[in-house]
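Written below as C-alpha cells is the structure these notes are about.
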Amino acid sequence: MNRPDWDAYFMSIAFAVSARATCPRASVGAVIVRDNRIISTGYNGAPAGEPHCTEVGCLMEGGHCQRAVHAETNAVAEAARFGLATEGATLYYWDSNNRPAESCVKCSQVMKAAGIIRIVGRE
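Structure follows, in C-alpha cells:
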C-alpha cells in the first residue's frame, strides 16, 4: 500500500474542494491545516446567498471577476466565521490554471494577516 505523505494527502483534498468552484475562469480549492488537521476549506465562488458566476455570468472589471471570492480568502473567512485560529497554519492550494497562491496580492495579504506561515501548491 502506498500511503501518501501529508502534503500529498492535503493537496488531493484541495483538488477535490476545487470541484465546488463556481467561477468558470478557474477551479481553485484551498485547505487550511494546523497540526495535520483540516480547520477550513474554500473554493472560488460568490459569497453565501449571492448568485454564482455559473448562474448569472462573471462580473468582469479590469480582467478580473468581481463576483467570485478567491478560494484562499474563502478558507480564511470560513475559519474566522467558526472561531478557528489560523496562526501557524499551512494553506494547501489547487488551481486548475496552475497559478501560485501568492500571485494574488490581496490573497497573499489576507493569508499573512491570518498568520498562515506555509503555502503548498501544485508542482
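Letter by letter, the sequence shown follows residues 204 to 326 of this note's numbering.
Just so you know, even glycine gets a beta-carbon here, dropped at the ideal spot from N, CA and C.
Hey, how far is the Cα of E305 from the Cα of L294? 11 Å
Where do the ends of the alpha helix (DSSP H) carrying A292 lie? Here A292 belongs to no alpha helix (DSSP H), and DSSP marks it neither H nor E.
Quick one: what's C268 bridged to in DSSP? M263
Could you check the C-alpha separation between H267 and W297 for me, to the nearest Å? 19 Å
Report the three-state DSSP secondary structure of T244 (helix, strand or coil). Residue state, collapsed to three classes: strand.
Should A292 and I319 be called a contact, given that it needs their Cβ atoms to be closer than 8 Å? yes
Under the three-state DSSP convention, the category D183 falls into: Any property of residue 183 remains undetermined from this structure, which presents the chain solely from 204 to 326.
Quick one: measure Cβ to Cβ for V236 and P250, integer angstroms, because I've assumed they're closer than 8 Å. V236 to P250, Cβ: 24 Å. No contact.
Between S299 and G324, what straight-line distance do the alpha-carbon atoms span, to the nearest angstrom? 11 Å
What's the call for G232, buried or exposed, on a 16-neighbour Cβ count within 10 Å? buried
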